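A.B. asks: Pasting a structure here, questions to come.
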């Protein structure tokens with residue numbers, strides 16, 4: 506057994522049930538999903554959703570990709586399928602090409618987007 510195999514965090518519950526004392530990971534992801542969908546619905550002209558990535562592949566399980574094409578750059582998230590109908594935005598057969606953005610890029614692009622909603 507190497508150091509990486511020994512350094513596995515063992516939790517007494519599923520990761521989504523881990524809490525900071527106020528919210529679980531599951532709750533925080535649900536907040537993020539709904540907030541992003543509501544933001545997209547405010548600007549459907551900049552927003553889209555697709556069940557397939559640009560190459561036709563799909564995310565494992567019942568998930569889809571959704572995004573916004575902002576002046577500061579693209580912002581995308583994978584969202585649970587149960588939110589599909591809540592997103593009142595353009596449906597694409599394939600997602601637009603991914604520009605390689607990171608989680609930090611998404612935060613910067615959203616933070617720097619000055620356009621009124």
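In the numbering used here, the protein residues as written are 506 to 622.
For each residue, glycine too, the CB sits at the ideal point set by N, CA and C.
Here the structure is a predicted model, which is why all the values come from computation and not from measurement.
1. Mark residue 570 as exposed unless 16 or more other C-beta atoms lie within 10 angstroms of its C-beta, in which case mark it buried.
2. Taking residue 590 as the reference, give the member of 557, 615, 539, 576 with the closest Cα.
3. Among 583, 519, 613, 606, which residue has its Cα nearest to the Cα of residue 557?
4. Please indicate yes or no: does the CB of residue 579 lie closer than 7 Å to some heavy atom of the ligand COA?
5. Assign residue 599 to one of three DSSP states: helix, strand, or coil.
6. Below 8 Å on the Cβ atoms is my contact criterion, and I expect residue 552 with residue 599 to pass it. Report the Cβ-Cβ distance as a whole number of Å.
7. Rounded to whole angstroms, what is the Cα-Cα separation between residue 546 and residue 592?
8. Please tell me whether residue 559 and residue 601 are closer than 8 Å, where the distance is taken between their beta carbons.
9. Could you tell me the alpha carbon to alpha carbon distance between residue 565 and residue 586, rounded to whole angstroms?
10. Please return the same chain residues whose Cβ sits closer than 8 Å to the Cβ of residue 594, not counting the five positions on each side in sequence.
11. Within 10 angstroms of its Cβ, does residue 581 collect 16 or more other Cβ (buried), or is it exposed?
C.D. replies: Concretely, from the data shown:
1. buried
2. 539
3. 583
4. Ligands displayed in this structure: none; no statement on the ligand COA is therefore possible.
5. coil
6. No, residue 552 and residue 599 are not in contact; Cβ-Cβ is about 16 Å, not under 8 Å.
7. 6 Å
8. yes
9. Residue 565 and residue 586: Cα-Cα distance of roughly 11 Å.
10. Apart from sequence neighbours up to five positions away, the residues of its chain that approach residue 594 with a beta-carbon distance below 8 Å are 545, 546, 549, 552, 553, 554, 571, ordered along the chain.
11. buried
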